[in-house]
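J.:
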Amino acid sequence: MYSETGDWRDRAACINADPELFFPVGETLAGDRQQIADAKKFCGSCLARDACYEYAITTNQDSGIWGNTTEKERRLIKRALINARRRRSVETTYN
Ligand code: SF4
3 MYSETGDWRD
13 RAACINADPE
23 LFFPVGETLA
33 GDRQQIADAK
43 KFCGSCLARD
53 ACYEYAITTN
63 QDSGIWGNTT
73 EKERRLIKRA
83 LINARRRRSV
93 ETTYN
C-alpha cells in the first residue's frame with residue numbers, strides 16, 4: 003500500500019542503483035530493451051514492488067520503470083482499467 007510517508011521506498015531494491023537505469027529513452031531499440039530488462043531485474047526481487055506499482059498508477063507516472071512496469075505497460079493497464087470501469091457503469095445503468 004502506498005504510504006504518504008514514502009516508507010515503501012526504504013525497501014526498494016533499487017535504492018542504491020543509478021536512477022538513469024529506470025528511465026530508458028525509448029522501448030524499441032535493442033539498447034532500450036536491454037536497459038528495461040536490467041531495470042526489471044531489480045523489480046523482480048523488490049519488496050516494495052506492489053507499493054511502487056500502486057504509486058505509479060495512482061500518481062500517473064508516465065515515464066520510467068515503476069513496479070516492474072514500463073510506461074507503455076502502465077498505459078495499457080490504465081486503459082484496461084478505464085474500459086472495465088465503463089463496462090461496469092453501463093451494466094449498472096441498464097441492468
Ligand atoms: S519495483 Fe522496481 S522501480 Fe519500484 S522500487 Fe522496486 S526496484 Fe525500484
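Under this note's numbering, the residues of the sequence shown are numbered 3 to 97, in order.
Don't be surprised by glycine CBs; every beta carbon is placed ideally from N, CA and C.
Can you tell me whether T71 is helix, strand or coil according to DSSP?
T.: Three-state DSSP puts T71 in a strand.
J.: Check whether the Cβ of A39 sits closer than 8 Å to any heavy atom of the ligand SF4, and report yes or no.
T.: Outside the cutoff, so no.
J.: Does the region 27-35 touch the region 60-70, meaning 3 or more C-beta pairs lie closer than 8 Å?
T.: Contact fails: fewer than three Cβ-Cβ distances are below 8 Å.
J.: Can we say the region 10-25 touches the region 36-56, given the rule of at least three CB pairs closer than 8 Å?
T.: Counting Cβ pairs under 8 Å, three or more are found: they touch.
J.: Are there any heavy atoms of the ligand SF4 lying less than 8 Å away from the beta-carbon of F44, as far as the coordinates show?
T.: Checking the Cβ of F44 against the ligand SF4 gives yes.
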